[in-house]
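Participant: When the letters of the sequence shown are read in order and numbered with my numbering, they come out as residues -2 to 290. Idealized CB from N, CA, C, for every residue including glycine.
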Amino acid sequence: MEIIISRYSGYCFGVKRALKLTYNVLDNSTDKNKKIFSFGSIINNPGVTEKLSKKGLVQIKDIDEIENNSIFIVRSHGMPPDLINKIRVEKKSEIIDATCPFVKKAQARAEFLSENGYFVLVIGNKNHPEILGIKGYIAGNNYMVVENEKDVDRIPDNKKIGVVVQTTQTREKLLLITGRLLEKTREILIYNTICDTTWKRQDSTKKLAADTDVMIIVGGKDSANTVHLKEISKEINNSTYHIESFKELKPEWFKNKKRVGISGGASTPMDDIIEVKRTIEKIDKQQLKMSKE
Ligand code: SF4
-2 MEIIISRYSG YCFGVKRALK LTYNVLDNST DKNKKIFSFG SIINNPGVTE
48 KLSKKGLVQI KDIDEIENNS IFIVRSHGMP PDLINKIRVE KKSEIIDATC
98 PFVKKAQARA EFLSENGYFV LVIGNKNHPE ILGIKGYIAG NNYMVVENEK
148 DVDRIPDNKK IGVVVQTTQT REKLLLITGR LLEKTREILI YNTICDTTWK
198 RQDSTKKLAA DTDVMIIVGG KDSANTVHLK EISKEINNST YHIESFKELK
248 PEWFKNKKRV GISGGASTPM DDIIEVKRTI EKIDKQQLKM SKE
């Protein structure tokens, strides 16, 4: 059996940067009485989340859980600026901003559109932390989050519509939604804020899915970009499986298969991908042995 790993696997630039900043704070904080907090997990990977917890990162769900005079890390998805300021002022906490520069770009574009009188369309998942952060840069209620093509019908008629998109969305969704906006207005300004790594991963996953018998997508089930990779792959290759760990691999997926592709989300460590490859190799050897017996 031939096993091919997608060319764009392992951590993306934004995740590497966020982890570097986080480990740096955890390893070098001189005041051991200062607790280190983040909203939810720094990246969407259960294994890494557990490791960071063991090193002392307190991952909270509510701002009230933050202790005064602590350190607060803004994760790669970003956060609304008002909330960051509240933590800085009310909790007297030091802020370490690990927001990915690509997310910052989407936030800045949304702010620009809002300041220049555009009705801002944010294409993405309503409850995703990145979208909640971007919304924080838009003044008032002059915006709408669009999750799918159906939502376009609910967009009020406007003179000017400005578009930003969640960094990990698919190009297909962006095209589908923006393609219908002329029904609503004559003036549209579209900022394609899908990040480079997302484009490359999606393209390479697409090619691999078309060229293999089975596709394994590795990454957190809560990771938006990993879920998109699964959807893209499944459309082309019905034998696509999304797993978080090598432990979920099932031998029957590989029976009589010749080529297997592995692709991983932006927050999936390369070690996890290699572990998956090794496990598939073992399954292959066992199946070969059984077929000879
Ligand atoms: S997927 Fe893109 S936007 Fe998200 S952290 Fe990675 S580089 Fe940044």
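If you measure from the CB of Gly75, is any heavy atom of the ligand SF4 nearer than 6 Å?
Facilitator: Here the question's residue 75 lines up with position 78 in the sequence shown. Gly75 Cβ: outside cutoff for every heavy atom of the ligand SF4.
Participant: Can you find a heavy atom of the ligand SF4 that lies under 6 Å from the Cβ of Gly11?
Facilitator: Locating residue 11 in the sequence shown gives position 14, where the first residue counts as 1. Correct: Gly11 has its Cβ closer than 6 Å to the ligand SF4.
Participant: Would Ala15 be called buried (16 or more neighbouring beta carbons within 10 Å of its own) or exposed?
Facilitator: Against the sequence shown, residue 15 aligns to sequence position 18. So Ala15 counts as buried.
Participant: Look at the Cβ atom of Gly121, then the Cβ atom of Thr96, and state whether they are nearer than 7 Å.
Facilitator: As a first step, residue 121 is located in the sequence shown; it is residue number 124 there, counting from the start. As a first step, residue 96 is located in the sequence shown; it is residue number 99 there, counting from the start. Their beta carbons are not under 7 Å apart, which means Gly121 does not touch Thr96 by this criterion.
Participant: Please classify Asp59: is it buried, with 16 or more other beta-carbons within 10 angstroms of its beta-carbon, or exposed?
Facilitator: By 1-based counting over the sequence shown, the position of residue 59 is 62. By the 10 Å Cβ count, Asp59 comes out exposed.
Participant: CA-CA distance, Asp210 and Phe251?
Facilitator: Against the sequence shown, residue 210 aligns to sequence position 213. Against the sequence shown, residue 251 aligns to sequence position 254. Cα-Cα distance, rounded: 9 Å.
Participant: Need the endpoints of the beta strand (DSSP E) that Lys157 sits in, please.
Facilitator: Taking the first residue of the sequence shown as position 1, residue 157 is located at position 160. Lys157 -> beta strand (DSSP E) spans 157 to 162.
Participant: Is it the case that the CB of Ala263 approaches a heavy atom of the ligand SF4 more closely than 6 Å?
Facilitator: Counted from its first residue, the sequence shown places residue 263 at position 266. True, at least one ligand heavy atom lies under 6 Å from that Cβ.
Participant: Is Asp79 buried or exposed, if buried means 16 or more other CB atoms sit within 10 Å of its CB?
Facilitator: Within the sequence shown, the letter at position 82 stands for residue 79. Exposed, by the Cβ-count rule.
Participant: Given a cut-off of 7 Å, decide if Val215 and Asp150 are closer than it, judged by their beta-carbon atoms.
Facilitator: Residue numbering aside, residue 150 sits at position 153 when the sequence shown is read from its first letter. Residue numbering aside, residue 215 sits at position 218 when the sequence shown is read from its first letter. Result no, Cβ atoms of Asp150 and Val215 do not sit closer than 7 Å.
Participant: If you reduce the DSSP assignment to three classes, tell me which class Thr167 lands in.
Facilitator: What you label residue 167 is simply residue 170 of the sequence shown in a count that begins at 1. Three-state DSSP puts Thr167 in coil, outside helix and strand.
Participant: Looking at the structure shown, is His239 part of a helix, part of a strand, or coil, going by DSSP?
Facilitator: As a working mapping, residue 239 is identified with position 242 in the sequence shown. Strand at His239.
Participant: Just to check my reading of the structure: Lys157 and Phe116 have Cβ atoms closer than 8 Å, yes? What is that Cβ distance to the nearest angstrom?
Facilitator: The count along the sequence shown starts at 1 and reaches residue 157 at position 160. The count along the sequence shown starts at 1 and reaches residue 116 at position 119. About 7 Å separates the two Cβ atoms, so the contact holds.
Participant: Does the pairing of the region 22 to 35 with the region 281 to 290 give three or more beta-carbon distances under 8 Å?
Facilitator: No, the region 22 to 35 does not touch the region 281 to 290.
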